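So the sequence shown is residues 375 to 472, counted in the working numbering.
Glycine residues also receive a C-beta, built at the ideal position from the N, C-alpha and C atoms.
Computed from a predicted structure; not experimentally measured.
Reading through the structure tokens given below for one structure.
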Amino acid sequence: DTSHSLVDLAKLCANLSVYIGNASGPLHVNALFDNQSIGFYPNELSASIARWRPFNERFLGITPPNGSNDMGLIDIKKEGETILEFIAPNLSCHTQER
Numbered sequence: 375d376t377s378h379s380l381v382d383l384a385k386l387c388a389n390l391s392v393y394i395g396n397a398s399g400p401l402h403v404n405a406l407f408d409n410q411s412i413g414f415y416p417n418e419l420s421a422s423i424a425r426w427r428p429f430n431e432r433f434l435g436i437t438p439p440n441g442s443n444d445m446g447l448i449d450i451k452k453e454g455e456t457i458l459e460f461i462a463p464n465l466s467c468h469t470q471e472r
């Protein structure tokens, strides 16, 4: 069985330290637990970070450069370093609290 419920998603997110993924429902469910959230967003206004970011402060949004909507233009190495810097200060501390 590959179907999962919203409750299953919430249980999974309750045990995460950080969620990395596209801008979507799971990112927001994760943010409800005040976990770190990293989301990939296009620059298009209707799908932008400004419109759809989660409300918790433990959030990092990543977009393609130069106002593009081409997610393939994201420099994975550069953004990987940014992600590591973002999660490093809280990762070990946050997991010990659980």
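Beyond the five residues adjoining it in sequence on each side, Pro-416 comes within less than 6 Å, by CB distance, of Asn-443 in the same chain, given in chain order. The residue from Ser-379, Glu-459, Ile-461 with its alpha-carbon nearest to that of Pro-400 is Ser-379. For Phe-429, the closest C-alpha among the options Thr-437, Ile-412, Ser-377, Leu-390 is that of Ile-412.
Closest in alpha carbon position to Ile-394, among Met-445, Ile-423, Asn-404, is Asn-404. In terms of Cα proximity to Phe-407, the closest of Glu-431, Asp-449, Met-445 is Glu-431. The criterion of a C-beta distance shorter than 9 Å is satisfied by Arg-427 and Gly-435. Shortest Cα-Cα distance from Met-445 to any of Glu-455, Ala-421, Phe-433 involves Ala-421.
For Ala-384 and His-402, the gap between their C-alpha atoms comes out near 10 Å. In the DSSP assignment, Ser-411 forms a beta bridge with Tyr-393, Phe-433.
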